[in-house]
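Written out below as structure tokens is the structure these notes cover.
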Amino acid sequence: VSEAAAAAVLQQNNLDFMVNQYARSAGHLSLVNTLATKYSALYKRKINPLTEILVADGASEALATAMLGLLNEGDEVVVIEPAFDIYIAQAEMCGAVLKPVPLRVVKNNNDNRAHWALDFKELEAAFTSKTRLLIINTPQNPTGKMFSRSELAQIAEIVAKWPQVVVISDEVYEHMTYDEPHVSIATLSEEIWQRTLTISSAGKTFSITGWKIGWLIGPEHLVRCAAIAHQWLPFSVATPLQEAVASALQTAEKKYENHNNYYDWLAKFYSSKREFLCKALEAAGITPIIPEGGFFIVGDTSRIILPEPYASDSSVTRDWSLCRWLTKEIGVAAIPPSSFYGEKNKLQAANYARFAFCKPDEVLEEAARRLLKCREFLKKE
Ligand SMILES: Cc1ncc(COP(=O)(O)O)c(C=O)c1O
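By the count of this note's numbering, the sequence shown reaches residue 381 at its end, each step adding exactly one.
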């Protein structure tokens, strides 16, 4: 990937291919063509590279352009919490009103482990005549929850009742799935395709988050709204990096390190890191809610008795104090998940911390060693 970027920057400019100049606003041709080929195969429909794809400055800008293009002040946006914090800030900057629906932690019947579940009655109750957007994220940050085909079908059924609603489906972790294949809501039916903007990015898939190359795919009438906002924001995205991502996407389809393609290798690569960190958390007395996708694990920290002065810091919620303690005293940084909730539901995060396993094995091993110190602070069973 890095070589493709270097080669693109160093190409001799000529009149046909000015790779160091502004790109076409909606996306450099080699990238939109490559994306159209990739997603036409996945979606089993012919995606038009010129009208049904927008390349953006990462998934973050794709999200922002979609919201700016679609929201008016006072519109309502339904988000499923915990939600990637950017959704909440961007919707608020558009003057929209957030309608959060929290996932619930539910115990499995067979093995008593926990998983994240969406209550469809709660979701349905959040919709009103003012709802303009539903934002979903699968695999989800921070929980690693993946929406199954049947859950997505239930979401699509609710959306079908509200003709003004558009779905934004953030799928940046689409290639990091460990138990079941990823399903895009846009592939369920022609009706839901017509109502959905699907967002992804090269950042997570190729470990190049600093490049900020993302995209948005959907029917022309919705992509156009985002493309117009994009025209007045960055206007255009780094041409050589788009060229390099096009090349990476083509190479990714080929055999890689004894796997059918790069994506199969990637899922395997992260799957063993997921297993390692889950075991390390378990050993430390932090119960992981095993993620189905992505590279984060939310762990239940309720067995830890926080020492002073962290325990009595009433200026922040428990998850903040706990993550501060973990970082300063244990030497492992975790994210307090209340930052993925609005004011209304943030106390639901009190007993959780988000850990990341997108790290070299040596770093994970050192983290596992340090985390064992948490055992000294566990409640007696
Ligand atoms: C769910 C989700 N969406 C979007 C992004 C941002 O992607 P990008 O770096 O391509 O802007 C992130 C980054 O952490 C993310 O977790």
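C-beta atoms are modelled at their ideal positions from N, C-alpha and C, and glycine is treated no differently.
My output table needs one value for His230: the three-state DSSP class, helix, strand or coil.
As a position in the sequence shown, residue 230 is number 230, starting the count at 1. Three-state result, His230: helix.
Using only the heavy atoms of ligand 1, determine whether one of them is closer than 7 Å to the beta carbon of Phe147.
Taking the sequence shown and counting its residues from 1, the one referred to as residue 147 is at position 147. Not under cutoff, so the answer is no.
Taking 7 Å as the cut-off, does the CB of Thr128 come closer than this to any heavy atom belonging to ligand 1?
Your numbering for residue 128 matches position 128 in the sequence shown. Thr128 Cβ: outside cutoff for every heavy atom of ligand 1.
Considering only residues of the same chain and omitting the five flanking positions on each side of Asp170, which have a CB-CB separation below 6 Å?
Looking up residue 170 in the sequence shown gives position 170. Correct list, in chain order: Asn137, Ile199.
Would you say the stretch 70-86 touches the stretch 339-357, given that touching needs at least three Cβ pairs under 8 Å?
Yes, since at least three Cβ pairs between the stretch 70-86 and the stretch 339-357 fall closer than 8 Å, the two stretches touch.
Which of the three DSSP states, helix, strand or coil, is assigned to Glu282?
Along the sequence shown, read from residue 1 onward, the residue named residue 282 stands at position 282. Residue state, collapsed to three classes: helix.
For Arg274, which of helix, strand or coil comes out of DSSP?
Taking the sequence shown and counting its residues from 1, one reaches residue 274 at position 274. Of the three classes helix, strand and coil, the one that applies to Arg274 here is helix, per DSSP.
What does the alpha-carbon distance come out to for the pair Ser321 and Arg303?
Locating residue 321 in the sequence shown gives position 321, counting from the first residue. Locating residue 303 in the sequence shown gives position 303, counting from the first residue. For Ser321 and Arg303, the distance between alpha carbons rounds to 15 Å.
Do you know offhand how far Phe340's Cα is from Pro142's?
As a first step, residue 340 must be located in the sequence shown, where it is residue number 340. As a first step, residue 142 must be located in the sequence shown, where it is residue number 142. For Phe340 and Pro142, the distance between alpha carbons rounds to 8 Å.
In terms of residue numbering, what span does the beta strand (DSSP E) encompassing Ile80 cover?
As a first step, residue 80 is located in the sequence shown; it is residue number 80 there, counting from the start. That run of the beta strand (DSSP E) goes 76-81.
Starting from the C-beta of Ala284, find all residues in its chain whose C-beta is less than 7 Å away, skip the five residues before and the five after it, and write them out in chain order.
Within the sequence shown, residue 284 is the residue found at index 284, counting from 1. Excluding positions up to five away in sequence, the list reads Leu371, Leu372, Cys374, Arg375.
What are the partner residues of Tyr256, as DSSP defines its beta bridges?
Here residue 256 refers to the residue found at position 256 when the sequence shown is read from its first residue. Partner(s): His259.
Going by the CB atoms, is the gap between Thr34 and Ala246 shorter than 8 Å?
Position 246 of the sequence shown, counted from the start, is the residue given in the question as residue 246. Position 34 of the sequence shown, counted from the start, is the residue given in the question as residue 34. Contact: yes.
When you compare each of His175, Lys359, Cys323, Leu364 to Tyr352 by their alpha carbons, which one comes out closest?
Along the sequence shown, read from residue 1 onward, the residue named residue 352 stands at position 352. Ranking His175, Lys359, Cys323, Leu364 by Cα distance to Tyr352 puts Cys323 first.
Are there 16 or more other CB atoms within 10 angstroms of the CB of Thr327, so buried, or fewer, so exposed?
Taking the first residue of the sequence shown as 1, we reach residue 327 at position 327. With fewer than 16 other Cβ atoms within 10 Å, it is exposed.
Looking only at its own chain, which residues have a Cβ that is under 8 Å from the Cβ of Phe357, when we skip the five neighbours before and after it?
Walking along the sequence shown from the start, residue 357 turns up at place 357. So the list reads Tyr270, Lys273, Arg274, Phe276, Leu277, Phe295, Phe296, Ile297, Leu364, once near-sequence residues are dropped.
Is there contact between the stretch 238-253 and the stretch 153-167, where contact requires at least three CB pairs shorter than 8 Å?
Segments in contact, no.
Determine the burial state of Val19: buried for a count of at least 16 other Cβ atoms within 10 Å of its Cβ, exposed for fewer.
Sequence index remark: in the sequence shown, residue 19 carries index 19 (1-based). So Val19 ends up on the buried side.
Does the stretch 47-65 come close enough to the stretch 102-110 to have 3 or more Cβ pairs within less than 8 Å?
No, because fewer than three Cβ pairs between the stretch 47-65 and the stretch 102-110 fall closer than 8 Å, the two stretches do not touch.
Only counting the same chain, and skipping five residues up and downstream in sequence, which positions put a Cβ closer than 8 Å to that of Asp319?
Translated into the one-based positions of the sequence shown, residue 319 becomes position 319. Correct list, in chain order: Thr301, Pro336, Pro337, Ser338, Ala349, Ala350, Asn351, Tyr352, Ala353.
If you draw a straight line from the alpha carbon of Ser40 to that of Thr187, how long is it in whole angstroms?
Here residue 40 refers to the residue found at position 40 when the sequence shown is read from its first residue. Here residue 187 refers to the residue found at position 187 when the sequence shown is read from its first residue. Between Ser40 and Thr187, the C-alpha separation is close to 10 Å.
Can you tell me where the beta strand (DSSP E) holding Trp215 begins and where it ends?
Looking up residue 215 in the sequence shown gives position 215. It spans 214-217 - the beta strand (DSSP E) in which Trp215 sits, taken as one unbroken run.
List the DSSP bridge partners of Arg354.
Within the sequence shown, numbered from 1, the residue matching residue 354 stands at position 354. Val298, Ile335.
Considering Cα atoms alone, identify which of Glu381, Ile330, Tyr43 is closest to Ile185.
Within the sequence shown, numbered from 1, the residue matching residue 185 stands at position 185. Comparing Cα-Cα distances from Ile185 to each of Glu381, Ile330, Tyr43, the minimum goes to Tyr43.
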